[in-house]
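A.B. asks:
Residue numbers (the numbering used here), protein chains in the order written: chain A, 191 to 1060; chain B, 8 to 340.
What follows is the structure in C-alpha cells.
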C-alpha cells in the first residue's frame, strides 16, 4: 500500500510554485525610474563636460580658487562625480518606503472592511499579498470557477423523478412531498430502491457522535446531499463497519455488505457499488451517474423517454441531475466478473483503462430507477456583482470542470451572458483537430462580424477542444480570446485553467482568477491577482490566493472600491515623489550655472535629508485617505474603472506633466529666490533656506490642489507639516555648531522672506491652478464630471442606478426556456459529473484520442451528446 | 485595543478603518477659482506697490572703480599694476550725491564675477579652528591653504580667509572726513558663537602665496569683523558685502570724495569692483524685483480672473452634466 499525503498528492503535485507578483503599476514606475535614470546620466555627462571646460578656461583665472596647474588624471572625473552626487536625489529612494507603507495600509483597509465580512461565517476579507492592491483596479479579465465560487456549493436535494412520477414539482422540495412520503410509507418498491441507492451508493462515511447524532464525511457535496435527503425520508444510513453498511429504514435495521466499489472517474461519469443484502443474500449493483453515462446502459426495451424528459426539465432549472440505477446480479455472474475486476485492479500498465473496461461489463442492462435533482444555489448578489463588473469593462471567463449545459445555465442565470436575442453563444467543440479547427474558424468569423454590433457574444469551449486549440491553433484561439468579452470553458482541468490565465497574460491583459477549491490553486497562483473564496471546499484556494473573501459579491467592492482607490492613490503618490525630487534637483542644477559649474550644493545635507524624509513625505502619505469619488458614486458608475484599467492616471504622459511642473516650479523658486535675495542679502545659508522654504511651501499647495477630499488627517499633515518645517529649522538654527545657526530666526524676522514665500506660491500655483481649472471645467474627464455631479448634487445620481435584479434558480420555472443555440439539438441536459469540482476529481488530461473514443465504442449506444452542428 | 478585539477575527470598526472619516470635498467651481484669482490680484498689487515705493525711496550710489583706478600706463596690463607692490594703489573718486542720504548709510563693496560659491572655495574653511583655540590643527578642509612652509597650521586657514578683500575706503565731503563705523558690521551671532574670542591669527599670509588682506595678530578673530563678513560666503557671483556704516546724513548735490586703496586683484579674472552707498527701508536695500514681481503676478491673476469670467459668461458649461458621460450616450449593454 502506498499512501500519499500532503504535497505528495496529485493535488499537491499539480499546485505549482507561486511566483512573486509585480503590479502593472510597479512595472510602470520602474520604467519611469529607468527613464529618469537615463535623464540623470545625461545631465551628469553634460554638466560634467561643461564643468571641466569652465574649469580649464575660466576657473584657473580665478586665483582665489587656487586650482593646481597640473592635476592627476582622475581630476577630470571629479566634477562629473560631484554632479552625480547632486543628481542622485533625482530618483527618490523614499518612493519605495512610501509605497511599501501605503500598500500595507491598502491591505489593512481590505482586512478591516466591515462591508466585506461574510456575516454567515464571520470571515473578514483578507489580503495576504500586501503588494498588489493597485492591480485590483486594473483588472481586465476575471477568470472564475463556478462551483463554490458563483454558487454556494451547498447541495440540496430538491426534486426527483421515480419510475416516471415527478416529485417535488409542486412545493419545490421533494423531501416534503406528501406523495413521495406516502409512496415510501406504503412500501412502493421503486421508491425504496431509489432511496436505497441514494443512501448507500456512495463513499460517504457516517460518524456517530456520542450524543447519537450522525454526521457524514463525504468527499463530494452531492453525495452528502443525497444521503441527507435519504435520511430525512426515513432511509437513514447510520453506520459503516468495515464492509458492513447499516441502514435504519423506518426503525428496522437493514445490513448490506459491500463487495466492490466501482469508482467514479470523470471519464466514466458514474460510480457503482456492488453490495450483498445480508438478509436475502442477493447481490445488487447500485449505480448513479450522469444521464449520458447511465441511461444508455438500461436493459433492452426499457423506456428511458420519461427520464430523458426529466433530466431535460431539471436542466432548464439549472439543477444538477443524477440518474440512479439498479441491477440484481446472480452469484455466478458476479463471481466471474469479480475475478476479472481483481485482475484489472492489479495490472500495472493502463490500469485505469482496464478497470474502466471491466466496470463497463457489469454496468449494463440496468434498471433505471429515477432521476435525482440537486440544487446548488447561486450565492447572493452574484448576478448583480457580475453585471456591475461587466459594466466596469471587465471581461468574464468562466472556467469550470462541469459540463457544458450546467455551465451555460449558471452563466445565464448570473448575467454572465445575456439571453437571446441580445446575447449569442458560439460553441466550439469537436474531438478531432479538423473539427476543432473548423469550429474555431467559424466562431472567429462570427466574432469579427459581430464585433461592431452591440451584441453580447460569448464562446463556449470544452476541455477537449481547448486542449487541441491550445496546442495546434494557439494563434487563432488567442485572437478569439481577445475578441470575446465572455467565454465559458467547461470540463477544464486545473492545468488548463492555468494555461488560459497564461494565454491572457501573454496578451498583456491584467487577469484576476477567483476560485474556491484546490483545483483552482494553479490558476490563482498564475494570475496577476488570485482571489480565493474561503468556502466549503477548504482553505487551500484562500491560502494560495493574494486575497481571500467570503463571498463572490465582495469582489465588486474589492475591485471598484479598494482596487480603484489604491490605483489612484499610488498614481498620485509615485508621481508626486518624482516631482518633489526633481524639483529640488533642478534647483541644484540651476545653481550650478551660477556657481561656476563646479558642483556646489545649494542645500546642506541636513536639509536635503529632512526634505525627503519629513517635509515632503508626510503630507503625501495621508493621500491614502484621499477619495476622488465616493464609494457610492463608483458603484453606480462602474464604467469609471476604465480610467484605472487603461492606466490613465500613471503613464508617460501624466508623468511628463509632473516633470514639467517640477521644472516650472524649480524655475519659479530659483528665479524668485535669486532675485529677491540678491546683492547684500545673497548669503549662502540664507539663500539656501529661502529656496528650501519655497519648495516646502509649494509642495504643500501642490498636495492641496491634488487632494480631492480633506479629512482632518490631511489638514493636519499638510499644514502641520509646514509648521513642523519651521519648528525643525528653528531647532537646528538654535544649535551654535550647525551651519544654519540663527538663520531661520533671521529669515522669519525679515518681511522680504515672507514676501518671497507668497510670491513663490502665487507664481508657482497660479498657472497650475488655471490649467487645472480649465481642464476641469472645459475639458473635463469622466471622473471630473462625476465629482461635480456628486458634490453639487446634480441629476446624474439618479441616472444609471443599477436596479437590483433578484434572480435565483427558483424562479426559472416561469421563465421561458432560454434559447441558446445549444437547444436546437433538442437535447439539453444539465449534467454534473460527480465530484467534479471536489479535490479528488481532478481530471487528468489524456493523450489525444484515447479514452473518449474507447468509451464510445464500448458503450452500447454512443450518443455522446456532443453538439457538432449547432 | 482591548483583548476582545484582538481575539475576534472581525475587523475593528472605526471611521478611519472604514475610510469614512468626514471629509471636506471642495471642487473647482468657477466661483471659487475666479474669487481666489481676484483676491490674489487684489492683495498682490497693493503689496507690490508698497514694496516698489519702498525700494524706490532707497537712495543708492554705485561707483565702479576697478578700471578707473588703473593708471593709464597700465590699462593694457592691469595685472602688472596690481601685482607690483612698489606702485602706490591710492585712487580718488568724486561722486555726486543725487538725493539726500539719511543715516544710517551703509557702505558696501560689490564684487562681480567672483565665485564665492565655488565648490573648492565654499568648503575651504575650518569652523572648529575658528571657534576653538585648541583645534588649530583641524585643517583638513582647508587645503591647499592649511600649513605654512614650516608646516605650522595657518589660523584662519582655508581659501576663504586667505582671499580676504583688502581694498579700503576713506570718504570725505566738503573737505571734511566722514567716519565709517567698522564696528558692528558682522553678525553678532558669528562673533559670539562662530569666531573664538581667544583665537588669534597665526602664520596668516606669512609666506608662499599671498592672497588678500593680512590680519592684525593681536586682535582675536571674534573682533575681526571684515573677516567675519567675508567669510559669510555669497550664493551668487555678484554680491555686496558690508564695509561699514556712516552715521551722519549726506546732503543732496554734495560731492563726496572717496580715497580708495585699490589692492584687491579682480583684474586676473575680469571681475568688477564697485563701491556702494545705500540707505535702507523695511524691505532692506534697493530691490525693484520684488515690487515688480508682485505687481505682475497680481496683474496676471486679475487678467486670468477676467478671462475666466468671460469664458464663464460666453461659454457656460453645466458642471456635472450627465450627458457628457459617454456611457450615457451609448449605453454599454
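Cβ coordinates follow ideal geometry from the N, Cα and C atoms, glycine included. The model shown is predicted, which means the values in this text are computed figures rather than measured ones.
Ordered along the chain, which non-local residues of its own chain (more than five positions away) have a Cβ less than 7 Å from that of residue 856 of chain A?
C.D. replies: Excluding sequence neighbours, residue 856 of chain A sits near 773, 776, 777 and 780.
A.B. asks: Can you name the residues of chain A whose CB is closer than 7 Å to the CB of residue 32 of chain B?
C.D. replies: Ordered by position in chain A, the residues that pass the 7 Å Cβ test against residue 32 of chain B are 898, 899 and 981.
A.B. asks: Output needed for residue 23 of chain B: all residues of its chain with C-beta closer than 8 Å, excluding positions within five of it in sequence on either side, in chain order.
C.D. replies: None.
A.B. asks: How would you call residue 1000 of chain A, buried or exposed, if buried means at least 16 neighbouring beta carbons within 10 angstroms?
C.D. replies: Confidence at residue 1000 of chain A is low in this model, with a pLDDT of 34, below 50, so its placement is unreliable and the value that follows should be read with caution. So residue 1000 of chain A counts as exposed.
A.B. asks: In whole angstroms, what is the alpha-carbon distance linking residue 271 of chain A and residue 739 of chain A?
C.D. replies: In a straight line, the C-alpha of residue 271 of chain A is about 52 Å away from that of residue 739 of chain A.
A.B. asks: Whose Cβ in chain B lies nearer than 7 Å to the Cβ of residue 1062 of chain A?
C.D. replies: With chain A represented from 191 up to 1060, any question about residue 1062 of chain A goes unanswered, as that position is not in the structure.
A.B. asks: How big is the Cα-Cα spacing for residue 125 of chain B and residue 790 of chain A?
C.D. replies: The straight-line gap from Cα to Cα measures roughly 6 Å.
A.B. asks: Take residue 925 of chain A and list the residues in its own chain whose beta-carbon comes closer than 7 Å to its own, dropping the five residues that flank it on each side.
C.D. replies: Closer than 7 Å at Cβ, skipping near neighbours: 931.
A.B. asks: What residue from A:716, A:506, A:812 and A:255 has the CA that sits closest to residue 209 of chain A's CA?
C.D. replies: Minimum Cα distance to residue 209 of chain A is reached at A:716.
A.B. asks: Helix, strand or coil for residue 277 of chain A? Go by DSSP, reduced to three states.
C.D. replies: The answer is helix: DSSP assigns residue 277 of chain A an H, G or I state.
A.B. asks: Chain B partners of residue 555 of chain A, CB-CB under 7 Å?
C.D. replies: The premise fails here: residue 555 of chain A is roughly 52 Å from chain B at the closest Cβ pair, so nothing lies under 7 Å.
A.B. asks: Is residue 590 of chain A helix, strand or coil when you go by DSSP?
C.D. replies: DSSP places residue 590 of chain A in coil when its eight states are reduced to three.
A.B. asks: Counting only the same chain and skipping the five closest in sequence on each side, list residues whose C-beta sits under 8 Å from that of residue 907 of chain A.
C.D. replies: Only 808, 809, 811 and 812 meet the Cβ criterion.
A.B. asks: Would residue 1061 of chain A pass as an interface residue toward chain B - the criterion being a Cβ-Cβ separation below 7 Å?
C.D. replies: It is not possible to answer for residue 1061 of chain A, since the shown part of chain A is limited to 191 through 1060.
A.B. asks: Over the uninterrupted alpha helix (DSSP H) stretch that includes residue 314 of chain B, give me the two end residues.
C.D. replies: Here the alpha helix (DSSP H) through residue 314 of chain B covers 295–321.
A.B. asks: Let me make sure I understand the geometry here. Which of B:43, B:84 and B:65 has the alpha-carbon closest to that of residue 274 of chain B?
C.D. replies: Looking at the Cα atoms, B:84 is the closest of the given residues.
A.B. asks: Taking only the alpha-carbon atoms, compute the straight-line gap between residue 177 of chain B and residue 100 of chain B and give it to the nearest angstrom.
C.D. replies: Using only the alpha carbons, I get a separation of about 10 Å.
A.B. asks: What residues in the region 238–256 of chain B bring their beta carbon closer than 8 Å to a beta carbon of chain A?
C.D. replies: For the region 238–256 of chain B, which is checked against every Cβ of chain A, the residues closer than 8 Å are 239, 240, 241, 242, 243, 244, 245, 246, 247, 248 and 249.
A.B. asks: For chain B, find out if any of its Cβ atoms is closer than 7 Å to the Cβ of residue 732 of chain A; answer yes or no.
C.D. replies: So no, residue 732 of chain A is outside the interface.
A.B. asks: Using a cut-off of 9 Å between C-beta atoms, extract the partners of residue 271 of chain B located in chain A.
C.D. replies: Result: empty, since nearest Cβ-Cβ is about 10 Å, beyond 9 Å.
A.B. asks: Quick check on residue 799 of chain A: does DSSP put it in helix, strand or coil?
C.D. replies: Residue 799 of chain A: helix per DSSP, three-state reduction.
A.B. asks: So, at 6 Å on beta carbons, what are the nonlocal neighbours of residue 658 of chain A in its own chain, with the 5 sequence-adjacent residues on each side left out?
C.D. replies: So the qualifying residues of the chain are 623 and 626.
A.B. asks: Check residue 356 of chain A in the structure and name its three-state DSSP category.
C.D. replies: Note: residue 356 of chain A maps to strand in three-state DSSP.
A.B. asks: Any idea which residues DSSP pairs residue 335 of chain A with across the strands?
C.D. replies: None, per the DSSP bridge assignment.
A.B. asks: Report back the beta-carbon spacing between residue 357 of chain A and residue 369 of chain A to the nearest angstrom; my notes put them in contact at under 8 Å.
C.D. replies: Between residue 369 of chain A and residue 357 of chain A the Cβ distance is about 6 Å, and since that is below 8 Å, they are a contact.
A.B. asks: Just the chain A side, please: which residues come within less than 8 Å of residue 289 of chain B by C-beta, in chain order?
C.D. replies: Result: 941.
A.B. asks: Could you give the C-beta distance for residue 306 of chain B and residue 52 of chain B, rounded to a whole number, given that I count them as a contact under 8 Å?
C.D. replies: 7 Å between Cβ atoms; contact.
A.B. asks: Residue 92 of chain B touches chain A at which residues, Cβ-Cβ below 9 Å?
C.D. replies: Chain A residues near residue 92 of chain B: none, gap ~16 Å exceeds 9 Å.
A.B. asks: Thinking C-alpha only, which one of A:662, A:433 and A:454 is nearest residue 448 of chain A?
C.D. replies: Residue 448 of chain A has its Cα closest to that of A:433, out of A:662, A:433 and A:454.
A.B. asks: Any idea what DSSP makes of residue 338 of chain B, helix, strand or coil?
C.D. replies: With a pLDDT of 47 at residue 338 of chain B, under the threshold of 50, the predicted position of this residue should be treated as unreliable, though the coordinate-derived value follows. Coil, per DSSP.
A.B. asks: Would you list, in sequence order, the uninterrupted beta strand (DSSP E) runs of no fewer than 3 residues that lie entirely inside the region 353–438 of chain A?
C.D. replies: Fully enclosed beta strand (DSSP E) runs of 3 or longer: 355–357, 395–398, 404–407 and 425–431.
A.B. asks: Note down, in chain order, every chain A residue with its Cβ under 9 Å from the Cβ of residue 166 of chain B.
C.D. replies: Those are 254, 255 and 256, listed as they occur along chain A.
A.B. asks: Please classify residue 802 of chain A: is it buried, with 16 or more other beta-carbons within 10 angstroms of its beta-carbon, or exposed?
C.D. replies: The residue in question, residue 802 of chain A, is buried, as its Cβ has 16 or more Cβ neighbours within 10 Å.
A.B. asks: What residue range does the alpha helix (DSSP H) around residue 527 of chain A cover?
C.D. replies: Residues 521–536.
A.B. asks: Short of 8 Å Cβ to Cβ, which residues in the region 833–864 of chain A face chain B?
C.D. replies: Against chain B - using a Cβ distance shorter than 8 Å - the residues of the region 833–864 of chain A are 862 and 864.
A.B. asks: For the region 134–144 of chain B and the region 792–801 of chain A, state whether three or more C-beta atom pairs, one from each stretch, are separated by less than 8 Å.
C.D. replies: As far as the Cβ criterion goes, the region 134–144 of chain B does not touch the region 792–801 of chain A, which means the pair count is below three.
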